[in-house]
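Q:
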DNA sequence: ACAAATACTGTATATCGCACAGTATGTCAA
DNA sequence: TTGACATACTGTGCGATATACAGTATTTGT
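Residue numbers (the working numbering), protein chains in the order written: chain A, 44 to 155; chain B, 44 to 155.
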């Protein structure tokens, strides 16, 4: 294989990770908690990948955050915003369209 | 909306475009022909996006190409290689896994 | 003959996933 | 009680990609 497999996954993660985060944060969660949650549902993200995504999505106005300093060590809870929901649905729409293209092509490959 | 919609599509295209090209090139095609073909099946790619992808995938050994200079103006026909098929299946596998994660999350969003 | 469509190449840029490096608090076994 | 490990985060830098911008050359339609 001329290109490392890891590189492929990086490419495939692009776009998808946003969807995953925006879907998960229907319920408020802090970063580290999400890492565990994502593993639990059968995927995995790098720590170094998730934290920047959270910051970026917040900067875009798609997430809001608040610090919980009352219990244990400080935790930054994130939650999806209304604008975030709109974007999320848009992303899901694009993905669905792509999935349609893929299945159309797969049919041709099998029949052709 | 704080971020232009076009940017979203760029993100979502990442990874997907490779899959689309690798699936389409089960049948040999040249660049311009593919542009039309992709439109026909209900998607669209920029000329400036497709050509670099074709070159890159060939450089990776996932596509092979040959020039047809016999008819009309010169056309560069591309076709998927065996290695390309392996990669394509890997990409499809990752995408399926992602789809699984998404539907799991969607269920929680609806029930939670 | 002139515009538009065809069919490509080459360079530059912004963005993002992730690597690398670092800070600080809490827990638990030896 | 100390020091290893888990928790919980921040900040900087790099490489790869989608796409913009610019350009070349041939063919077709009017």
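C-beta atoms are modelled at their ideal positions from N, C-alpha and C, and glycine is treated no differently.
All figures in this text were calculated on a predicted structure; none of them were measured in a lab.
(1) Does the CB of residue 58 of chain B have a neighbour CB from chain A at under 7 Å?
(2) Just to confirm my understanding: we take residue 108 of chain B, look at its own chain, exclude 5 residues before and 5 after, and list those with CB closer than 7 Å. What are they?
(3) Going by DSSP in three states, residue 177 of chain B sits in which element: helix, strand or coil?
(4) In chain order, what residues of the stretch 113-132 of chain B put their CB closer than 9 Å to some CB of chain A?
(5) Name, in chain order, the residues that DSSP records as bridge partners for residue 63 of chain A.
(6) Given a cut-off of 7 Å on the beta-carbon distance, is the pair residue 105 of chain B and residue 124 of chain B in contact?
(7) In terms of DSSP beta bridges, what is residue 122 of chain A paired with?
(8) Of all the options A:145, A:138 and A:151, which has the alpha carbon lying nearest to the alpha carbon of residue 63 of chain A?
(9) Can the beta-carbon of residue 152 of chain B be found closer than 7 Å to that of residue 86 of chain A?
(10) When DSSP labels each residue in this structure, what does residue 86 of chain A get in the three-state scheme?
(11) Using a cut-off of 7 Å between C-beta atoms, extract the partners of residue 138 of chain B located in chain A.
(12) Does the separation of the CB atoms of residue 66 of chain A and residue 148 of chain B fall below 7 Å?
(13) Please say whether residue 127 of chain A and residue 54 of chain B have beta carbons closer to each other than 7 Å?
(14) Go ahead and label residue 116 of chain B buried or exposed: buried means 16 or more other beta carbons lie within 10 angstroms of its beta carbon, across all protein chains shown.
(15) Give the straight-line distance between the Cα atoms of residue 73 of chain B and residue 146 of chain A, rounded to the nearest whole angstrom.
(16) Does any residue of chain B bring its CB to less than 7 Å from the CB of residue 90 of chain A?
(17) Using a Cβ-Cβ cutoff of less than 8 Å, which residues in the same chain neighbour residue 71 of chain B once the five nearest sequence positions on both sides are dropped?
(18) Within 10 angstroms of its Cβ, does residue 130 of chain A collect 16 or more other Cβ (buried), or is it exposed?
(19) So is residue 82 of chain A in contact with chain B if we call contact Cβ pairs under 7 Å?
(20) Among the candidates A:113, A:110 and A:75, whose CA atom is the shortest distance from the CA of residue 90 of chain A?
(21) The stretch 92-108 of chain B: which residues have C-beta closer than 7 Å to a C-beta of chain A, in chain order?
A: In short, the structure shows the following:
(1) Position 15 of the second chain holds residue 58 of chain B. Residue 58 of chain B counts as touching chain A.
(2) Here residue 108 of chain B corresponds to residue number 65 of the second chain, with the count starting at 1. Within the same chain, Cβ atoms closer than 7 Å to the Cβ of residue 108 of chain B are found at 101, 119, 120 and 121, the five residues on either side in sequence being excluded.
(3) Because chain B in this structure spans residues 44 to 155, residue 177 of chain B falls outside the shown range and cannot be described.
(4) Look at the stretch 113-132 of chain B: the residues with a C-beta under 9 Å from a C-beta of chain A are 126, 129 and 130.
(5) The sequence position of residue 63 of chain A within the first chain is 20, counting from 1. Answer is none; residue 63 of chain A lacks a bridge partner.
(6) Working through the second chain from its first residue, we reach residue 105 of chain B at position 62. Working through the second chain from its first residue, we reach residue 124 of chain B at position 81. Yes.
(7) Taking the first residue of the first chain as 1, we reach residue 122 of chain A at position 79. Residue pairing of residue 122 of chain A in beta bridges, as defined by DSSP: A:107.
(8) Counting from one through the first chain, the residue named residue 63 of chain A turns up at place 20. That would be A:138, whose Cα lies nearest to the Cα of residue 63 of chain A.
(9) As a position in the second chain, residue 152 of chain B is number 109, starting the count at 1. As a position in the first chain, residue 86 of chain A is number 43, starting the count at 1. No, they are not a contact pair.
(10) Here residue 86 of chain A refers to the residue found at position 43 of the first chain. Reduced to three states, the DSSP call for residue 86 of chain A is coil.
(11) Taking the second chain and counting its residues from 1, one reaches residue 138 of chain B at position 95. Within 7 Å of the CB of residue 138 of chain B, the CB atoms of chain A belong to 55, in sequence order along the chain.
(12) Residue numbering aside, residue 66 of chain A sits at position 23 when the first chain is read from its first letter. Residue numbering aside, residue 148 of chain B sits at position 105 when the second chain is read from its first letter. Their beta carbons are under 7 Å apart, which means residue 66 of chain A touches residue 148 of chain B by this criterion.
(13) Position 11 of the second chain, counted from the start, is the residue given in the question as residue 54 of chain B. Position 84 of the first chain, counted from the start, is the residue given in the question as residue 127 of chain A. No. Outside cutoff.
(14) Mapped onto the second chain, residue 116 of chain B falls at position 73. A residue is called buried once 16 or more other Cβ atoms fall within 10 Å of its Cβ, and residue 116 of chain B, having fewer, is exposed.
(15) Here residue 73 of chain B refers to the residue found at position 30 of the second chain. Here residue 146 of chain A refers to the residue found at position 103 of the first chain. Straight across, the Cα-Cα distance linking residue 73 of chain B with residue 146 of chain A is about 22 Å.
(16) By one-based count along the first chain, residue 90 of chain A stands at place 47. Among the CB atoms of chain B, none fall inside 7 Å of the CB of residue 90 of chain A.
(17) Against the second chain, residue 71 of chain B aligns to sequence position 28. Same-chain partners within the cutoff: 120, 121 and 122.
(18) Looking up residue 130 of chain A in the first chain gives position 87. Buried.
(19) Position 39 of the first chain, counting from 1, holds the residue named residue 82 of chain A. So, not an interface residue.
(20) The residue you call residue 90 of chain A lines up with position 47 of the first chain. Comparing Cα positions, the closest option is A:75.
(21) Contacts with chain A (Cβ-Cβ distance below 7 Å) from the stretch 92-108 of chain B involve 103 and 104, listed in chain order.
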